[in-house]
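Take a look at the structure set out below.
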Amino acid sequence: MYKIQPYKTQEIEWDSFNAKSKNGTFLFNRKYMEYHRDRFEDFSLLIYNNKNDLVALFPANKREDVVYSHEGLTYGGIISDVRMTTCENINLFSELKKFLKDQKISSVIYKTIPQIYSDILSQEDQYTLYANGAQLIRRDLISVIDFSAVVPIQERRLRSQKKAAKKDLIVEESTDYSTFWELLNHVLLNRHNVKPTHSIEEIKYLSSLFPKNILLFLCRDNQEILAGVVLYINKKTVHAQYISTSERGAKTGALDFLFFFLIEKFKKDHKYFSFGISNENNGLYLNEGLITQKEGFGARSIIHDTYLVNLT
Numbered sequence: 016m017y018k019i020q021p022y023k024t025q026e027i028e029w030d031s032f033n034a035k036s037k038n039g040t041f042l043f044n045r046k047y048m049e050y051h052r053d054r055f056e057d058f059s060l061l062i063y064n065n066k067n068d069l070v071a072l073f074p075a076n077k078r079e080d081v082v083y084s085h086e087g088l089t090y091g092g093i094i095s096d097v098r099m100t101t102c103e104n105i106n107l108f109s110e111l112k113k114f115l116k117d118q119k120i121s122s123v124i125y126k127t128i129p130q131i132y133s134d135i136l137s138q139e140d141q142y143t144l145y146a147n148g149a150q151l152i153r154r155d156l157i158s159v160i161d162f163s164a165v166v167p168i169q170e171r172r173l174r175s176q177k178k179a180a181k182k183d184l185i186v187e188e189s190t191d192y193s194t195f196w197e198l199l200n201h202v203l204l205n206r207h208n209v210k211p212t213h214s215i216e217e218i219k220y221l222s223s224l225f226p227k228n229i230l231l232f233l234c235r236d237n238q239e240i241l242a243g244v245v246l247y248i249n250k251k252t253v254h255a256q257y258i259s260t261s262e263r264g265a266k267t268g269a270l271d272f273l274f275f276f277l278i279e280k281f282k283k284d285h286k287y288f289s290f291g292i293s294n295e296n297n298g299l300y301l302n303e304g305l306i307t308q309k310e311g312f313g314a315r316s317i318i319h320d321t322y323l324v325n326l327t
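Last residue of the sequence shown: 327 (this note's numbering), numbering continuous.
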């Protein structure tokens with residue numbers, strides 16, 4: 016039997032469990048989750064066993080009678096520690112379904128946590144979803160460099176790096192989010208007619224809360240920013256959250272130069288380097304040019320699935 020409690024003010028207990036879990040990241044820290052609390056009705060849950068030990072977290076929000084895990088986060092699902100077994104996960108999910116039904120919830124949109132963020136190999140929740148008749152409603156491809164594998168680098172990427180190296184460009188860690196956000200906004204608006212997920216105020220705030228997890232690296236020619244990358248750094252995975260380059264930066268190979276620098280910098284102490292997804296249209300459209308660029312650095316694809324669990 017499990018006891019399920021809605022999250023209210025248990026920040027210390029939540030954050031402590033997340034920090035020692037097998038698949039938690041700093042995105043599940045309550046301070047990160049609550050920076051946009053005005054946009055989401057929080058429905059996060061803490062799950063205890065019959066000894067009253069906390070065994071799992073479920074970061075979530077609710078809209079009408081649908082629970083999402085969590086719309087404000089890239090990934091979600093059940094956070095647990097290394098003690099979680101497959102049978103326990105199945106039983107826990109059964110209790111979770113009962114609890115949600117009692118709360119008049121009709122369905123759950125369940126975003127899985129990509130395997131690169133787990134300390135150990137464990138996808139028992141995906142089997143549990145399958146066994147409960149969950150419907151796969153979205154599948155994205157994440158381009159990831161596995162530093163333990165040897166994958167040939169595309170000659171085009173190497174030529175671009177060499178071209179940039181002749182320009183005496185400077186790569187450095189920076190806190191100049193404002194200038195980079197101007198470039199990022201301009202590029203996203205003109206190329207894709209979208210804005211960054213985070214506003215400049217939000218990314219500054221989050222980087223101040225998590226200075227070791229959120230880092231900005233810039234490639235400059237004197238004082239001109241040619242390219243930049245915002246990294247989200249977890250225990251063993253470095254993820255490129257935002258990527259942008261100017262027109263001149265694209266011509267000089269500045270972004271390739273920057274990525275080769277970052278890959279070299281982080282490969283010693285981390286296992287994976289993630290470039291993120293290359294999908295649009297709910298995962299159905301693959302941007303072939305974008306994923307080809309990422310694979311040129313030696314990245315290969317892993318899947319990130321989202322499921323619908325019907326409770327009615």
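Glycine is no exception: its CB is placed at the ideal position from the N, C-alpha and C atoms.
Legend entry - Whole-angstrom distance between G243 and L273, CA atom to CA atom: 8 Å
Legend entry - Secondary structure, beta strand (DSSP E): runs of 3+ residues fully inside the stretch 199-285: Fully enclosed beta strand (DSSP E) runs of 3 or longer: 229-236, 239-248, 252-260.
Legend entry - Nonlocal neighbours in the same chain, by C-beta distance under 6 Å from W196, ignoring five residues either side: So the qualifying residues of the chain are I215.
Inset, instruction - Compute the Euclidean distance between the alpha carbons of L42 and L115, then round it to the nearest angstrom. - result: Taking the CA atoms as reference points, L42 sits about 24 Å from L115.
Inset, instruction - Starting from N33, trace the alpha helix (DSSP H) both ways and give me its first and last residue. - result: 26-35
Inset, instruction - Please state whether DSSP places D140 in a helix, a strand or coil. - result: helix
Inset, instruction - Can you tell me which of K178, W29, T101 puts its alpha carbon nearest to the alpha carbon of K46? - result: W29
Legend entry - Same chain only: Cβ atoms within 8 Å of G311, ignoring 5 sequence neighbours per side: I168, Q169, R171, R172
Inset, instruction - Please determine, among L233, P226, V159, I229, the residue with the shortest C-alpha to C-alpha distance to I317. - result: Taking only the C-alpha atoms, the option nearest I317 is V159.
Legend entry - Residue from N228, F276, A265, Q238 with nearest C-alpha to V253: It is N228.
Legend entry - Identified DSSP bridge partners for L72: L61, I94
Inset, instruction - Could you give the DSSP three-state label for E7: helix, strand or coil? - result: No information on residue 7 is available, as it lies outside the stretch 16 to 327 that the chain covers here.
Legend entry - V209 classed as buried or exposed, judged by whether at least 16 other C-beta atoms fall within 10 angstroms: exposed
Legend entry - Distance between beta carbons of L111 and I19, contact taken as under 8 Å: 7 Å
Legend entry - Option in F288, Y50, N249, D236 with minimal Cα separation from G268: The shortest CA-to-CA distance from G268 to any of F288, Y50, N249, D236 is the one to D236.
Inset, instruction - Classify L199 as buried or exposed, calling it buried when 16 or more other Cβ atoms lie within 10 Å of its own Cβ. - result: The residue is buried, with at least 16 neighbouring Cβ atoms inside 10 Å.
Inset, instruction - Output yes or no for whether 8 Å exceeds the beta carbon distance between Y50 and L221. - result: The Cβ-Cβ distance between Y50 and L221 falls below 8 Å.
Inset, instruction - Using beta-carbon positions only, say whether Y142 and T321 come within less than 8 Å of one another. - result: no
Legend entry - Contact the stretch 293-305 vs the stretch 77-85: 3+ CB pairs below 8 Å: no
Legend entry - Terminal residues of the beta strand (DSSP E) in which I321 lies: It is Thr, not Ile, that sits at residue 321 in the sequence shown. That run of the beta strand (DSSP E) goes 315-325.
Inset, instruction - Please state if the CB of L301 and the CB of L8 are separated by a distance shorter than 8 Å. - result: Here the chain comprises residues numbered 16 to 327, so residue 8 is not present and cannot be evaluated.
Inset, instruction - Identify, in the order they occur along the chain, each residue of the same chain with its Cβ nearer than 7 Å to the Cβ of D57, setting aside the five sequence neighbours on each side. - result: Y22, N76
Inset, instruction - Taking the CB atoms as reference points, tell me whether S59 and P74 lie closer together than 8 Å. - result: When the beta-carbon positions are compared, S59 and P74 come within less than 8 Å of each other.
Inset, instruction - Note the first and the last residue of the continuous alpha helix (DSSP H) segment covering I105. - result: In this chain, the alpha helix (DSSP H) harbouring I105 covers 101-117.
Legend entry - Rounded straight-line distance, which links the Cα of G87 to that of A151: A quick correction: the sequence has Leu, not Ala, at residue 151. Distance between the alpha carbons of L151 and G87 is about 20 Å.
Inset, instruction - Run the CB neighbour count on H201, radius 10 Å, all protein chains shown included, and call it buried at 16 or more, exposed below. - result: exposed
Legend entry - Proximity below 8 Å, CB of K66 to CB of F162: No, the pair does not count as a contact, with Cβ atoms beyond the cut-off.
Legend entry - Straight-line gap, S289 to A314 (C-alpha atoms, nearest Å): 8 Å
Legend entry - Residues of its chain near S133, where Cβ-Cβ distance is below 8 Å and the 5 sequence neighbours each way are ignored: K37, N38
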